[in-house]
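Going by the UniProt record's numbering, the sequence shown wraps up at 251, each residue one higher than the last.
A virtual CB, placed ideally from N, CA and C, is assigned to each residue, including glycine.
Working notes for the structure below.
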Amino acid sequence: MDLHARRADSFGAQAEAYAEHRPDYPVAAIRWALEPLGTSERLDVLDLAAGTGKLTGVLVAEGHRVTAVEPNEQMLSELVRRVHDVRALPGHAEHIPVPDQTIDAVFVGTAFHWFDPEKALPEIARVLRPGGVLAAMWIEHDDDVEWLAEFERISATSVESQRQDPTGMMAHPAFGAVEQKTFPHAQRRESPEALIATVNTHSRMLVVDDEERASINEKMLAFLRSRPETSNGPFDVPLRVKAFRMVRVSE
Ligand SMILES: C[S@@+](CC[C@H](N)C(=O)[O-])C[C@H]1O[C@@H](n2cnc3c(N)ncnc32)[C@H](O)[C@@H]1O
């Protein structure tokens, strides 16, 4: 298995920690993504690559009929354990186990970069009703904040983080133009150890060897214990959610 595939499949080994330590998504970004549908009614929404349900839970709380699709068995089990009122199905973005034109909006949280876009985009187009929306979101540290930018540098591993320009990846003739908006968000962490636990659920940490992981964890802990922002009890980690939406055009 190549590194990309190994990383895409790495999350399940830490599924419980993932569910416990990863941030959720801001409601404002979800509402913005659904604006082109022009309704505030209950919608049929698909959370693709749903993981342990970080985005799924927010979609359910917004009152939508939610189907969650996720290939990794351990991640999907955590989702089923933690999020109720959702139809949870095993499956991949390249072969979505949902009938044609039955979905109003497909959401993808911090996962589109793991897909094969040439196969996933026609599949997403197939399950969407005309006028439906594809919304892809990525959660990032707000590196305009000085301590967090420095923390990012310290937590880098020999495996690079997966940052690409999604507008190129997402373009497809079945969809209109990609629109983008960035939303401020934050995650409360009780201690330096809790932030380190979050970082340890990222694929770039999951696939490095034990020695490298231990050394980076040690450096992160020393840094967070040395900073006034993070060494005096609970703190907020400033985040940015980059959201992209595009509308399924009629055939
Ligand atoms: C970083 S996690 C994001 C999970 C969740 N959406 C969230 O925001 O917390 C990436 C997820 O993508 C899933 N994944 C990887 N390759 C996939 C594919 N080809 N199709 C669907 N899901 C995939 C992984 O199993 C993992 O659960």
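Check                                                                                                                            : Outcome
I need the DSSP call for V69, collapsed to helix, strand or coil.                                                                : strand
With respect to 7 Å, is the separation between the Cβ of M75 and the closest non-hydrogen atom of ligand 1 below this value?     : yes
What does residue 258 pair with, by DSSP beta-bridge criteria?                                                                   : With the chain running from 1 to 251 in the structure shown, residue 258 is simply not present.
Does the structure place the region 14-25 close enough to the region 186-199 that three or more beta carbon pairs sit under 8 Å? : yes
Does the Cβ of K242 lie closer than 7 Å to at least one heavy atom of ligand 3?                                                  : In the structure on display, ligand 3 does not appear, and the ligands it does have are ligand 1.
Let me know the secondary structure DSSP gives H172 once reduced to three states.                                                : coil
Taking just the CA atoms, how far does R153 sit from E212?                                                                       : 15 Å
Output the boundary residues of the alpha helix (DSSP H) element that contains L221.                                             : D210 to S226
Figure out for me which residue from K54, S250 and A135 has the closest Cα to the Cα of D174.                                    : Reading off the sequence, residue 174 comes out as Ala, not Asp. Out of K54, S250 and A135, S250 has the C-alpha closest to the C-alpha of A174.
My guess is that V69 and G51 are in contact by the Cβ rule of under 8 Å, so how many angstroms apart are they, rounded?          : About 11 Å; that fails the 8 Å criterion.
Between the C-alpha atoms of V86 and L59, what's the straight-line distance to the nearest angstrom?                             : 10 Å
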